[in-house]
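Asks:
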Amino acid sequence: MGVPSRSGGTSGGSTRATMLRTVAARERRSHLTAPRVPTVGIDIGGTKVMAGAVDADGVILETVLAETPDKSKSPRVVEDTIVELVLDLSDRHDVHAVGIGAAGWVDGDRNRVLFAPHLNWRNEPLRDRISERLAVPVMVDNDANTAAWGEWRFGAGRGEDHLVMITLGTGIGGAILEDGRVKRGKYGVAGEFGHMQVVPGGHRCPCGNRGCWEQYSSGNALVREARELAAADSPVAYNIIERVKGSIPDITGPLITELAREGDAMCVELLQDIGQWLGVGLANLAAALDPSCFVIGGGVSAADDLLIGPARDAFRRHLTGRGYRPEARIARAQLGPQAGMVGAADLARLVARRFRRATRRRVERYARYERYAQVLGARSTPGAPR
Numbered sequence: 023m024g025v026p027s028r029s030g031g032t033s034g035g036s037t038r039a040t041m042l043r044t045v046a047a048r049e050r051r052s053h054l055t056a057p058r059v060p061t062v063g064i065d066i067g068g069t070k071v072m073a074g075a076v077d078a079d080g081v082i083l084e085t086v087l088a089e090t091p092d093k094s095k096s097p098r099v100v101e102d103t104i105v106e107l108v109l110d111l112s113d114r115h116d117v118h119a120v121g122i123g124a125a126g127w128v129d130g131d132r133n134r135v136l137f138a139p140h141l142n143w144r145n146e147p148l149r150d151r152i153s154e155r156l157a158v159p160v161m162v163d164n165d166a167n168t169a170a171w172g173e174w175r176f177g178a179g180r181g182e183d184h185l186v187m188i189t190l191g192t193g194i195g196g197a198i199l200e201d202g203r204v205k206r207g208k209y210g211v212a213g214e215f216g217h218m219q220v221v222p223g224g225h226r227c228p229c230g231n232r233g234c235w236e237q238y239s240s241g242n243a244l245v246r247e248a249r250e251l252a253a254a255d256s257p258v259a260y261n262i263i264e265r266v267k268g269s270i271p272d273i274t275g276p277l278i279t280e281l282a283r284e285g286d287a288m289c290v291e292l293l294q295d296i297g298q299w300l301g302v303g304l305a306n307l308a309a310a311l312d313p314s315c316f317v318i319g320g321g322v323s324a325a326d327d328l329l330i331g332p333a334r335d336a337f338r339r340h341l342t343g344r345g346y347r348p349e350a351r352i353a354r355a356q357l358g359p360q361a362g363m364v365g366a367a368d369l370a371r372l373v374a375r376r377f378r379r380a381t382r383r384r385v386e387r388y389a390r391y392e393r394y395a396q397v398l399g400a401r402s403t404p405g406a407p408r
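Numbering follows the numbering used here, with no gaps: position 220 of the sequence shown is 242.
1. My parser needs the alpha helix (DSSP H) runs of 4 or more residues fully inside the segment 124-156; what are they?
2. Quick one: give me the first and last residue of the alpha helix (DSSP H) that Arg354 is part of.
3. Looking at the structure shown, is Ile273 part of a helix, part of a strand, or coil, going by DSSP?
4. Just how far apart, CA to CA, sit Leu328 and Glu173?
5. Spatial neighbours of Gln356 within its chain, please: C-beta separation below 6 Å, excluding the five flanking residues on both sides.
6. Buried or exposed for Leu87, please, with buried defined as at least 16 other CB atoms from any protein chain shown within 10 angstroms of its CB.
7. Using CA coordinates, which residue listed in Val105, Glu200, Met161 is at the minimum distance from Cys315?
8. Quick check: what's the CA-CA separation for Leu300 versus Asp113?
9. Can Thr192 and Gly362 be called in contact, C-beta distance under 8 Å?
10. Using beta-carbon positions only, say whether Ala370 and Gly213 come within less than 8 Å of one another.
11. Taking the CB atoms as reference points, tell me whether Ala367 and Gly126 lie closer together than 8 Å.
12. Specify, as a first and last residue, the run of the alpha helix (DSSP H) that Met288 falls within.
13. Give the secondary structure of Val245 by DSSP, where H, G and I count as helix, E and B as strand, and everything else as coil.
14. So, does the segment 257-277 touch the segment 146-161, judging by three or more C-beta pairs under 8 Å?
15. Express the C-alpha separation of Ala197 and Val317 in angstroms, rounding to a whole number.
16. Cutting at 6 Å between CB atoms, please list the residues of its own chain near Pro332, excluding the five before and the five after it.
17. Under the three-state reduction of DSSP, which class applies to Arg382: helix, strand or coil?
18. For Gly241 versus Arg232, is the C-beta spacing smaller than 8 Å?
19. Near Asp335, what residues of its chain come up, given a Cβ to Cβ distance below 7 Å and the 5 sequence neighbours on each side ignored?
20. From which residue to which residue does the beta strand (DSSP E) around Leu341 run?
21. Tell me whether Thr61 is buried or exposed, calling it buried when 16 or more other Cβ atoms sit within 10 Å of its Cβ.
22. Please classify Glu106: does DSSP put it in a helix, a strand, or coil?
23. If contacts are defined as beta-carbon pairs under 8 Å, then Met72 and Ala119 qualify, I think. What distance do you get, rounded to the angstrom?
24. Excluding sequence positions up to five away, which residues of its chain have a Cβ less than 6 Å from the Cβ of Glu154?
25. Comparing C-alpha positions only, which one of Gly210, Gly303, Asp286 sits nearest to Gln219?
26. What is the DSSP secondary structure of Leu87, counted as helix, strand or coil?
27. Among Asp131, Val76, Arg98, Glu89, whose alpha-carbon lies nearest the alpha-carbon of Val117?
28. Does DSSP put Leu357 in a helix, a strand or coil?
29. Going along the chain, which residues of its own chain have a beta-carbon closer than 8 Å to the beta-carbon of Ala259, five neighbours each way excluded?
30. List the endpoints of the continuous beta strand (DSSP E) containing Thr189.
31. Which partner residues does Gly121 have in the DSSP bridge list?
32. Once DSSP output is grouped into helix, strand and coil, what is the label at Val204?
33. DSSP state of Ala254, grouped into three classes?
34. So is Tyr346 buried or exposed if we call it buried at 16+ other beta carbons inside 10 Å?
35. In terms of alpha-carbon separation, which member of Thr342, Arg354, Thr85 lies closest to Ala305?
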């Protein structure tokens, strides 16, 4: 897996932080000259940890999965899972760096996970801890940022100068790319679009506020509405009640999407409602950010036109200055649930280049010392020329 790192303590952490800030400032051109070496991308979700060895063209060489440890467990348990997956992949691939996409807020230095809603992480120095255990460079970022980078490099966002990524899963995540650079904000927590308040006094959100966007356009919102109709024994919910044999907790997002594709009227209508709220939020973001493209990813995006179609219609109806301004393209993510993993691996490749340079310089320095020692040894030998 490469030469073990000698970093540690305060000075090592400071050096890595400086390195990552430099990488961030050069992202646009750096990916073109990054070393074409395999790296590992990690996507940490609320239910699973996915790791993959990825080559320089974004091709996934191998993927391994593990269940996300229960959030009541210590952060160390999650770190153990990450390390085990990387070591498993390193048995078959020459791993030069590791990129981690975490579902949570990551600080500006991309070291600490400040807060993770689905895991017991609070101000955790994830990068430093994983790097020390694996002895390779580690890059940590928000999972929506890594997904956006993956789609910009290899998916639906290729060629776009101003891109906004929306990930629809349990909640709503987001990311902004401008001129090929992820915009993370002053403190690293930009893109939390799911917690924009769109309905004052609306549904309570786990973040503590009411009326957040993700309470109306997300996997949780979709399932909540279906379960409420089923619990009320609504006639329109008869089909889904029958499908789960009356067990309302068994109603899931994928099941709703499956029934919608089969023509179930209630499920089609629920996805339309989610899509319309999605379009309203996109129109608000267009007013603030004016991107050229919105890429919609996450598990809920599997509904495709059942969701994206209503979103486009609502976007056009609510867009400020509609009819007198260019409209952003709305596209479904092409890399699917692996976008974050691929993007994390590609971002890690930028760190791998600097690691490889440092390693090469260290090897060259050792070679010079060895030659110098040989010369001194020869001179100290009796009868040797001086």
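The beta carbon of each residue, even a glycine, is placed where N, CA and C say it ideally should be. Just so we're clear, the structure is a prediction, and the values are computed from it rather than from any experiment.
Replies: This is what the structure gives:
1. 148-156
2. No alpha helix (DSSP H) holds Arg354; the beta strand (DSSP E) holding it covers 351-354.
3. coil
4. 21 Å
5. Gly177, Ala178
6. exposed
7. Glu200
8. 43 Å
9. no
10. no
11. no
12. 287-311
13. helix
14. no
15. 10 Å
16. Gln294, Gly297, Gln298
17. Any reading at Arg382 must be qualified, since the residue scores a pLDDT of 48, below 50, and its modelled position is unreliable; the value itself is stated next. In this structure, Arg382 counts as helix in the three-state DSSP scheme.
18. no
19. Gly301
20. Careful: Leu341 lies outside any beta strand (DSSP E) and carries neither H nor E.
21. buried
22. helix
23. Incorrect: roughly 17 Å between the Cβ atoms, too far for contact.
24. none
25. Gly303
26. strand
27. Val76
28. coil
29. Ala248, Leu251, Ala252, Met288
30. 184-190
31. Gly63, Met161
32. strand
33. coil
34. exposed
35. Thr342
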